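Visitor:
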Amino acid sequence: PTPEEAATFQPQVVAEGGWEKCWEDGITPWDQGRATPLILHLLDSSSLPFGRTLVPGCGGGHDVVAMANPERFVVGLDISEKALKKANESYGSSSKAKYFTFVKEDVFTWRPNELFDLIFDYVFFCAIEPEMRPAWT
1 PTPEEAATFQ
11 PQVVAEGGWE
21 KCWEDGITPW
31 DQGRATPLIL
41 HLLDSSSLPF
51 GRTLVPGCGG
61 GHDVVAMANP
71 ERFVVGLDIS
81 EKALKKANES
91 YGSSSKAKYF
101 TFVKEDVFTW
111 RPNELFDLIF
121 DYVFFCAIEP
131 EMRPAWT
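If you count the sequence shown from 1, position 61 lands on 61 in full-length UniProt numbering, and the numbers rise without skipping.
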């Protein structure tokens with residue numbers, strides 16, 4: 001979905017049981033089943049910086065794995081255990097597995113041990129309840 005579509009979906013998610021329920025029921029219209037086209041473009045044009053990278057709200061992990069390489073270790077963070085289970089099932093045995101990890105944490109309370117060189121947020125901000133958004137910026 002577009003960021004605008006994602007923003008309209010967020011109140012529905014809250015009303016119907018949260019992100020975990022969406023993943024459990026397979027109601028994940030934001031999951032394209034592949035990496036975000038912008039990430040693919042940046043990778044193809046060698047425009048994506050190297051270094052430690054964070055993908056908050058990584059969901060099924062497609063962007064995490066697409067970006068991962070020896071020069072870019074990627075941490076996929078998500079609050080949904082079901083989303084991360086899907087990500088691990090899909091990519092846990094990938095040849096890139098040593099260049100990424102999936103972490104189940106709340107972005108607002110998680111304190112990483114190391115800083116990040118890059119944070120990739122495509123529609124994560126739109127998924128945050130409006131009153132929580134100032135804490136993310």
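Glycine is no exception: its CB is placed at the ideal position from the N, C-alpha and C atoms. What you are looking at is a predicted structure, and each value in this text was computed from that prediction instead of being measured.
1. Do you know offhand how far E81's Cα is from K104's?
2. Since L84 and V107 should fall inside the 8 Å C-beta cutoff, what is the C-beta to C-beta distance between them, to a whole number of angstroms?
3. With three or more C-beta pairs closer than 8 Å as the rule, is the segment 20-27 touching the segment 45-58?
4. Does the beta-carbon of F124 have 16 or more other beta-carbons within 10 angstroms, so that it is buried, or is it exposed?
5. Quick one, which of M132, S95, E131 and F100 has its alpha-carbon nearest V64's?
6. Does the Cβ-Cβ distance between R72 and T53 come in under 8 Å?
7. Give every residue of the same chain whose Cβ lies closer than 7 Å to the Cβ of T36, excluding the five residues on either side of it in the sequence, and list them in chain order.
8. Can you grab the Cα-Cα spacing for the pair M67 / S93, in whole Å?
9. Under a three-way DSSP split, which group does F124 fall into?
10. With a Cβ-Cβ cutoff of 8 Å, do G60 and S90 count as a contact?
Guide: This is what the structure holds:
1. Translated into positions along the sequence shown, residue 81 becomes position 81. Translated into positions along the sequence shown, residue 104 becomes position 104. Going by the C-alpha atoms only, they are around 6 Å apart.
2. Numbered from 1 along the sequence shown, position 84 holds the residue referred to as residue 84. Numbered from 1 along the sequence shown, position 107 holds the residue referred to as residue 107. With a Cβ gap of about 14 Å, L84 and V107 do not count as contacting.
3. With the cut-off at 8 Å, the segment 45-58 and the segment 20-27 do not touch.
4. Translated into positions along the sequence shown, residue 124 becomes position 124. Buried.
5. Counting from one through the sequence shown, the residue named residue 64 turns up at place 64. Answer by Cα proximity: F100.
6. Looking up residue 72 in the sequence shown gives position 72. Looking up residue 53 in the sequence shown gives position 53. It is a contact, given that the beta carbons lie within the stated cut-off.
7. Along the sequence shown, one-based indexing puts residue 36 at 36. If we look at T36 and ignore the five residues flanking it on each side, its Cβ neighbours are D63 and Y122.
8. As a working note, residue 67 is residue 67 in the sequence shown. As a working note, residue 93 is residue 93 in the sequence shown. Rounded to whole angstroms, M67 to S93 spans 16 Å at the Cα level.
9. Within the sequence shown, the letter at position 124 stands for residue 124. The answer is helix: DSSP assigns F124 an H, G or I state.
10. The sequence position of residue 60 within the sequence shown is 60, counting from 1. The sequence position of residue 90 within the sequence shown is 90, counting from 1. Yes, these two residues count as a Cβ contact at 8 Å.
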